[in-house]
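Chemist:
Residue numbers (this note's numbering): 725 to 1000.
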């Protein structure tokens, strides 16, 4: 968390707000929130750069700057980006980008797991190898039955585990993998290589369907509030979740109690009747 729908929602919000804005100053409150380079270099090299484009790759946000550098933000588990007035300091703010219109972009991270990087294009794959190794996103037209079947063939790892692998399903995390597996009727503990081709096809359709639904709902904000939009608004997809967070509650389809198990050190939810 946040996953593809949340990060894309943030990108869509920030793009018109920050495009052509100049970073006048940078305040670093936690040095360990900077992944690269040193805090001093980061502050110096980000100053007076103009933001001309914001893109996204998987769960990473990439701010293209006129200084021929890329500002990369990885929100990880609990990171948030908030647009504030220049004199407002949110709780758990780690880095503040003061802009030329008396507003600021605040990087908030209670757990200090998220990181911010400032790199040349040529440095991206070396400093953040996950970007170079990233697989296709389920909303990419190339993410089809053939693509996923090739990733699953002969694999004994649980299908849920492979859905969380960013080298296979970029942008997919715990919430949307569980919801997609429910929609496709597939148990998360199935060995990926045991899926028949028609099941892989159902899963591809399910992943695309769930992610697009979550995008329309502006993402998922669970009760812990880890994800908020840059204006502080909550996402709304939590009200459409079929299994996630519903342990021991009746399945909306069959009435059987939803089960929670642990896969790859993460909670996973499924219906023992609707998923096989």
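Quick reminder that beta carbons are idealized off the backbone N, C-alpha and C, glycines included.
Going by DSSP in three states, residue 761 sits in which element: helix, strand or coil?
Modeler: coil
Chemist: Using the rule of at least 16 other Cβ atoms within 10 Å of the residue's Cβ for burial, across every protein chain shown, is residue 963 buried or exposed?
Modeler: exposed
Chemist: Please return the same chain residues whose Cβ sits closer than 8 Å to the Cβ of residue 866, not counting the five positions on each side in sequence.
Modeler: 860
Chemist: Pick helix, strand or coil for residue 749, following the three-state DSSP scheme.
Modeler: strand
Chemist: Whole angstroms is fine: what's the gap from residue 986's alpha carbon to residue 992's?
Modeler: When rounded, the distance between both Cα atoms is 6 Å.
Chemist: Could you tell me which of 781, 773, 737 sits nearest to residue 854, measuring between CA atoms?
Modeler: 781
Chemist: Looking at residue 870 and residue 698, is the spacing between their C-beta atoms short of 9 Å?
Modeler: With the chain represented from 725 up to 1000, any question about residue 698 goes unanswered, as that position is not in the structure.
Chemist: Rounded to the nearest angstrom, how far is the Cβ of residue 760 from that of residue 843, given a contact under 8 Å?
Modeler: 6 Å
Chemist: Among 1000, 946, 922, which has the Cα closest to the Cα of residue 970?
Modeler: 946
Chemist: Check each candidate in 813, 806, 770 and name the one with the smallest Cα separation from residue 794.
Modeler: 770
Chemist: Taking residue 785 and residue 734 to be in contact with their CB atoms under 8 Å, please state how far apart those CB atoms are, rounded to whole angstroms.
Modeler: 7 Å
Chemist: State the start and end residues of the unbroken beta strand (DSSP E) segment that holds residue 797.
Modeler: Looking at the DSSP string, the run of the beta strand (DSSP E) that includes residue 797 is 794-798.
Chemist: What are the start and end residues of the beta strand (DSSP E) that includes residue 861?
Modeler: Residue 861 -> no beta strand (DSSP E), and no H or E assigned at all.
Chemist: Quick test of your reading: residue 801 and residue 837, contact by CB under 8 Å. State the CB separation rounded to the nearest angstrom.
Modeler: 5 Å
Chemist: Rounded to whole angstroms, what's the CA-CA distance from residue 981 to residue 727? Just pull it up for me.
Modeler: 26 Å
Chemist: Measuring alpha carbon to alpha carbon, tell me which of 762, 906, 886 ends up nearest residue 754.
Modeler: 762
Chemist: With burial defined as no fewer than 16 other Cβ atoms inside 10 Å of the residue's Cβ, what is the status of residue 901: buried or exposed?
Modeler: buried
Chemist: Less than 8 Å between the CB atoms is what I'm expecting for residue 887 and residue 896, so what's the real figure, rounded?
Modeler: Going by Cβ atoms, the distance from residue 887 to residue 896 rounds to 6 Å, so yes, they are a contact pair.
Chemist: Tell me where the alpha helix (DSSP H) around residue 908 begins and ends.
Modeler: 898-908
Chemist: Within this structure, are the beta carbons of residue 919 and residue 968 separated by less than 9 Å?
Modeler: no
Chemist: Return the CA-CA distance between residue 975 and residue 961, expressed in angstroms with no decimal places.
Modeler: 17 Å
Chemist: Is it true that the CB of residue 831 sits closer than 9 Å to the CB of residue 764?
Modeler: Annotated as distal: residue 764 and residue 831, with beta-carbon spacing of 9 Å or more.
Chemist: I'd like to check one pair, residue 953 with residue 915: are the Cβ atoms closer than 9 Å?
Modeler: no
Chemist: To the nearest angstrom, how far is it from the Cα of residue 925 to the Cα of residue 984?
Modeler: 25 Å
Chemist: Closest to residue 996 by C-alpha separation, out of 941, 957, 909, 931, would be which residue?
Modeler: 909
Chemist: Let me know the beta strand (DSSP E) ranges lying completely inside the region 796-879, each 3 residues or longer, listed in chain order.
Modeler: As far as the region 796-879 is concerned, its whole beta strand (DSSP E) runs of at least 3 residues are 804-809, 817-823, 827-832, 839-843.
Chemist: Please report how far the alpha carbon of residue 1000 lies from the alpha carbon of residue 911, in whole angstroms.
Modeler: Counting only the Cα atoms, residue 911 lies some 5 Å from residue 1000.
Chemist: Give the DSSP-derived three-state secondary structure of residue 986 in the structure shown.
Modeler: strand
Chemist: Three-state secondary structure (DSSP) at residue 980?
Modeler: coil
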